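Read the structure below first, then the notes.
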Amino acid sequence: MLNEKPTLKSTGKALLYLLPMLIITITFNIYPILKSFIMSFYTKYDFFRDIVSQYGFDNFKFLFSDPDFHIAVKNTLIFVIGVVPLTVIISLAIALLLNRITWLSGLFRTVYFLPFVTSTVAIAQVWHWIYNGDYGLLNYFLSFFGVNAISWLESPHYAMLALIIMSVWKNLGFNIVLFLVGLNNINERYYQAAKIDGANTWHQFTNVTVPLLSPITFLVSVNGVIGSFKVFDEIFALFNGTPGPSKSALTIVYYLYQKFYTEWKYGIAAASGVVLFFMILLVTVFQLWYSKRHVHY
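Under the working numbering, the very last position in the sequence shown is 302; numbers go up by exactly one each time.
Dropping the structure here:
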């Protein structure tokens with residue numbers, strides 16, 4: 006049956022099964038992307054009457070000359086570079102530890118996964134208390150090492166670091182679960198063969214675990230990069246509806262939000278969304294190119 010050629014009837018049945026997902030994808034993914042791309046060329050636009058009186062590249066010219074957009078791009082890249090590697094490394098390390106624990110392993114896995122399914126607003130409230138300059142838990146801990154109290158959420162020098170720490174902590178749970186699935190799928194015979202060859206624990210990790218986990222690592226990295234480029238909720242909740250002190254946490258998505266919802270500059274907002282789309286696309290293409298050479302399926 007596997008070698009049978011598809012008929013018109015079987016193809017139509019398959020498309021019928023796919024129709025609900027196609028409708029959802031077209032409505033909520035493809036159409037908004039196309040609409041944003043078109044809107045990015047609206048230079049004179051009445052949003053409420055949906056009347057366009059002028060097209061052009063003025064929105065893109067404004068973007069690339071706007072100092073705030075430059076700050077947003079820089080902060081977005083800093084956030085991506087700060088969050089993704091830390092998330093991958095820490096989640097892998099915790100997954101390796103949990104994979105060796107048999108006593109109360111289910112409890113530990115649940116505890117680590119909870120932040121991922123918890124509301125961002127609730128998490129931000131907890132971290133507000135942790136980052137508090139007067140009685141925060143983090144400053145209390147650092148005081149044991151002689152570090153003076155730090156204004157984590159009020160200082161532009163530490164705001165991005167505070168955001169990165171919270172985001173890494175929030176996203177660990179899902180990645181830990183993915184790595185645990187990958188570790189459980191590695192056949193024990195590979196480790197036994199490595200031991201016979203005289204490989205120590207480190208060599209087993211670098212020559213067996215890391216290569217066989219490369220598909221999971223790739224998946225975690227791709228999800229992390231895309232999610233980090235689109236960061237918004239954490240900023241809005243952690244800094245009480247502002248992009249941080251002195252715009253130190255202003256990202257491209259937050260810039261888009263400001264232009265669209267507070268300044269009503271829809272064309273500029275759409276143009277910034279298009280730029281973000283191509284930035285994510287470029288990084289994703291690079292990751293796919295890299296995976297063909299270094300990911301072992």
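The beta-carbon is built from N, C-alpha and C at its ideal position, and this holds for glycine as well.
Because the structure is a prediction, the values reported are computed rather than measured.
Looking only at 108, 231, 63, the smallest Cα-Cα distance to residue 82 is reached by 231. Counting the other Cβ atoms within 10 Å of the Cβ of residue 198 gives fewer than 16, which makes it exposed. Annotated three-state conformation of residue 28 is helix, per DSSP. If the five residues before and after residue 132 are omitted, its C-beta is found closer than 7 Å to the C-beta atoms of 171, 243, all from its own chain and listed in chain order. Distance from the CA atom of residue 115 to the CA atom of residue 173, rounded to whole angstroms, is 17 Å. Under the three-pair Cβ rule at 8 Å, the stretch 210–220 counts as touching the stretch 187–195. The beta carbon of residue 262 is closer than 7 Å to those of 237 in its chain, skipping five residues each way along the sequence. The Cβ-Cβ distance between residue 99 and residue 177 falls below 8 Å.
In the structure shown, residue 56 falls within a strand segment according to DSSP collapsed to helix, strand and coil. By a beta-carbon distance limit of 8 Å, residue 41 contacts residue 278. Their separation comes to about 5 Å. The alpha-carbon of residue 147 is positioned some 41 Å away from that of residue 268. Runs of alpha helix (DSSP H) with 4 or more residues, each lying fully within the stretch 51–106, are found at 63–70, 72–105, listed in chain order.
By the Cβ rule, the stretch 291–301 does not count as touching the stretch 88–99, because fewer than three pairs are nearer than 8 Å. The continuous alpha helix (DSSP H) containing residue 220 extends over residues 219–234. In this structure, 167 is the residue among 167, 47, 43 with its C-alpha nearest to the C-alpha of residue 248.
Annotated as distal: residue 254 and residue 68, with beta-carbon spacing of 8 Å or more. Taken through DSSP and simplified to helix, strand or coil, residue 295 comes out as helix.
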